[in-house]
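In this note's numbering, the protein residues as written are 168 to 453.
Structure, as structure tokens:
Here it is, written out as structure tokens:
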């Protein structure tokens, strides 16, 4: 009797190629003094990126469903539907869906001497940099309604919605989210790899071997480039990953285990220490 030949192992499927597209005709939605807030809708599949670009106006990005990554030169933000990213004028940014996303984008006209939702002086300082904001149910509905306004219809309704949106933005809470990114090429390569796969190595030594640098060099670069230790930066990266998992409705104990925490209580302590609120509240609307 002949011996059956062993079945060869299945070849891994090649990852689906990503498509990089320019922003969807932003000039068509450009805000102005007469139409200070414009909104547009766009669905992006998980394999489609929006190329790095910039605008003369301010922008707010959030999704109705799905998690999206917004990256600038200095930081990256993973955003579930309950949060949004503010991008100041002239800041280059790229948008990458983590999964299929139903995006809503707000464009805000920036008057001379004012920034964000029409703020000046000390109130405007926080809006000079990219930041993450909570999206209230009212703000979400206002943006949905504004996106329904016809492009050619400069109506009183559009102005009322715009005024209410700006008022909600002034009231929106800012969250300590976002992961800083360095300029040094070696450290940047390391940070990008860890954001993509945070648990590929158990410690800094493993990552150092991968990027071809010593742990001492990487630790020094973290202090010089980002003003933090590796451990502090890693917490922010893990928190961003946890936010994505929570948006997919993963149970908290499984999120803790997947991120390498010995217990859910240890993970809870990290979240509370980092963002100033317990996971039950922080992930409630993710």
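Quick reminder that beta carbons are idealized off the backbone N, C-alpha and C, glycines included.
- The DSSP assignment places complete alpha helix (DSSP H) segments of no fewer than 4 residues inside the stretch 265 to 322 at 304 to 315, in order along the chain.
- Out of 184, 344 and 225, the CA that lies nearest to the CA of residue 196 is found in 225.
- If you check the CB distance, residue 258 and residue 228 do not come in under 9 angstroms.
- The alpha carbon of residue 406 has as its nearest neighbour, out of 385, 436, 218 and 267, the alpha carbon of 436.
- Between residue 382 and residue 366, the C-beta spacing is not below 9 angstroms.
- Between the stretch 231 to 243 and the stretch 256 to 274, the count of Cβ pairs shorter than 8 angstroms is three or higher; the stretches touch.
- With respect to residue 276, residue 206 sits apart: the two C-beta atoms are not nearer than 9 angstroms.
- Within the stretch 409 to 435, complete alpha helix (DSSP H) segments of at least 4 residues are found at 419 to 425, given in chain order.
- The DSSP assignment places complete alpha helix (DSSP H) segments of no fewer than 4 residues inside the stretch 327 to 366 at 352 to 363, in order along the chain.
- Counting along the chain, residue 209 sits inside the beta strand (DSSP E) bounded by residues 204 to 211.
- Judged by their CB atoms, residue 385 and residue 354 are nearer to each other than the 9 angstroms cut-off.
- Taking the Cα positions, residue 352 is about 29 angstroms away from residue 247.
- The Cβ neighbour count for residue 363, taken over all protein chains shown within 10 Å, is under 16; the residue is labelled exposed.
- Straight across, the Cα-Cα distance linking residue 244 with residue 265 is about 11 angstroms.
- Excluding the 5 residues flanking it on each side, residue 305 has same chain C-beta neighbours closer than 7 angstroms at 335, in chain order.
- Within a 10 Å sphere around the beta-carbon of residue 293 sit fewer than 16 other beta-carbons, which makes this residue exposed.
- With distances taken between CA atoms, residue 345 lies nearest to 242 out of 380, 208, 242 and 212.
- Annotated as proximal: residue 339 and residue 303, with beta-carbon spacing under 9 angstroms.
- Nearest to residue 414 by alpha-carbon distance, out of 222, 331 and 250, is 250.
- Here residue 217 is not near residue 184, since their CB atoms are 9 angstroms or more apart.
- At a Cβ-Cβ threshold of 9 angstroms, residue 438 and residue 409 count as neighbours.
- Per DSSP, the continuous beta strand (DSSP E) segment holding residue 236 begins and ends at 235 to 239.
- Distance from the CA atom of residue 411 to the CA atom of residue 287, rounded to whole angstroms, is 34 angstroms.
- The Cβ neighbour count for residue 327, taken over all protein chains shown within 10 Å, is under 16; the residue is labelled exposed.
- Annotation for residue 390: 396 place their beta carbon closer than 8 angstroms to its own, counting only its chain and skipping 5 residues before and after.
- A check of alpha carbon separations from residue 278 across 256, 331 and 325 identifies 256 as the nearest.
- Apart from sequence neighbours up to five positions away, the residues of its chain that approach residue 220 with a beta-carbon distance below 6 angstroms are 190, ordered along the chain.
- CA-CA distance, residue 443 to residue 449, rounds to 9 angstroms.
- According to DSSP, residue 215 shares a beta bridge with 186.
- For residue 430, the CB contacts under 8 angstroms within the same chain, skipping 5 residues up- and downstream, are 423 in chain order.
- For residue 244, the enclosing beta strand (DSSP E) begins and ends at 242 to 246.
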